[in-house]
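Numbering (full-length UniProt numbering), first residue to last: 1 to 170.
Using N, Cα and C, we set each Cβ at its ideal position, and we do this for glycine too.
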Amino acid sequence: MILFHCPHCGGPLTLEMLEADERYRAALPLLAGLGDLASLALRYAEKWAPPRKALQARKLVAILEELDRLAREKSLKKGRGLVPFERIDLKRALEVCAERAFEPPLSGHAFLYSVIVNKRESRLSYEEKKRERELQTARPEGSAPLDPSTLPRHLRESAERRLPPGEKSE
Numbered sequence: 001m002i003l004f005h006c007p008h009c010g011g012p013l014t015l016e017m018l019e020a021d022e023r024y025r026a027a028l029p030l031l032a033g034l035g036d037l038a039s040l041a042l043r044y045a046e047k048w049a050p051p052r053k054a055l056q057a058r059k060l061v062a063i064l065e066e067l068d069r070l071a072r073e074k075s076l077k078k079g080r081g082l083v084p085f086e087r088i089d090l091k092r093a094l095e096v097c098a099e100r101a102f103e104p105p106l107s108g109h110a111f112l113y114s115v116i117v118n119k120r121e122s123r124l125s126y127e128e129k130k131r132e133r134e135l136q137t138a139r140p141e142g143s144a145p146l147d148p149s150t151l152p153r154h155l156r157e158s159a160e161r162r163l164p165p166g167e168k169s170e
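(1) Look at the alpha carbon of R153 and the alpha carbon of D147, and state the distance between them as a whole number of angstroms.
(2) So that I know if they touch, is there some Cβ in chain B lying closer than 8 Å to that of E46?
(3) Please work out which residues of its chain come closer than 7 Å, Cβ to Cβ, to N118, disregarding the five sequence neighbours upstream and downstream, and give them in chain order.
(4) Let me check one thing: in DSSP terms, what residues is S75 bridge-paired to?
(5) Going by C-alpha distance, which of L55, Q56, V61 is nearest A32?
(6) Using the Cα positions of A41 and L155, report the straight-line distance between them to the nearest angstrom.
(7) State yes or no: is the C-beta of C97 within less than 8 Å of the C-beta of L76?
(8) What is the DSSP secondary structure of Q136, reduced to helix, strand or coil?
(9) Could you check whether R87 and A71 sit closer than 8 Å to each other, using their CB atoms as the reference points?
(10) Look at D68 and L94 and say whether their C-beta atoms are less than 8 Å apart.
(11) Mark Y44 as exposed unless 16 or more other C-beta atoms lie within 10 angstroms of its C-beta, in which case mark it buried.
(12) Quick one: using the 10 Å Cβ neighbour count with 16 as the cut-off for buried, is Y24 buried or exposed?
(13) Just verifying my parser: in three-state terms, what is the DSSP assignment at residue 173?
(14) Sorted by chain position, which residues of the same chain lie with C-beta nearer than 8 Å to residue 172's C-beta, five sequence neighbours on each side aside?
(15) Suppose you measure from the CA of R131 to the CA of T150; what does that come to, to the nearest Å?
(16) Taking K78 and F85 to be in contact with their CB atoms under 8 Å, please state how far apart those CB atoms are, rounded to whole angstroms.
Below, the structure written as structure tokens:
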């Protein structure tokens, strides 16, 4: 799908043509600043274009400026406070937006913001569960391995029944 069209003839624009057009030239440094998010940013910006029309340079630059700000600051306003997030949350949110079909086209960043917050909460929940699992399975620091002779007799016998034949616990 072609995101950019010549404003005069309606034909597709190449990177060289974009560089020559001063209205689109402002978008190039913003794309470079986004790094690995650049292609996702363009796919997200594509969702703002009216049906069968090209995205205006002014709107493209505004979208890329907001994405660049989000990537740099790694926070967004929610209510009266700021919600911090990681770059991976922004990347996953852009992937969701890029894959989704919007009818009519997007007119604001609210959907992206809500997806960022949801991806952040999902990541934090996963990290918390992972930490809890590690704490449950980890031995306390400095503790010696479990000595089977210290176990009560019924537990020791139960453990020995689970050992392969011929092996005994110490």
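Short version:
(1) 13 Å
(2) Reference to chain B is not applicable here, since this structure consists of a single protein chain.
(3) none
(4) P84
(5) V61
(6) 59 Å
(7) no
(8) helix
(9) yes
(10) no
(11) buried
(12) buried
(13) The shown model of the chain, from 1 to 170, leaves out residue 173, and the question about it has no answer.
(14) Since the first residue of the chain shown is 1 and the last is 170, residue 172 is not available in this structure.
(15) 29 Å
(16) Wrong, their Cβ atoms sit about 10 Å apart, outside the cutoff.
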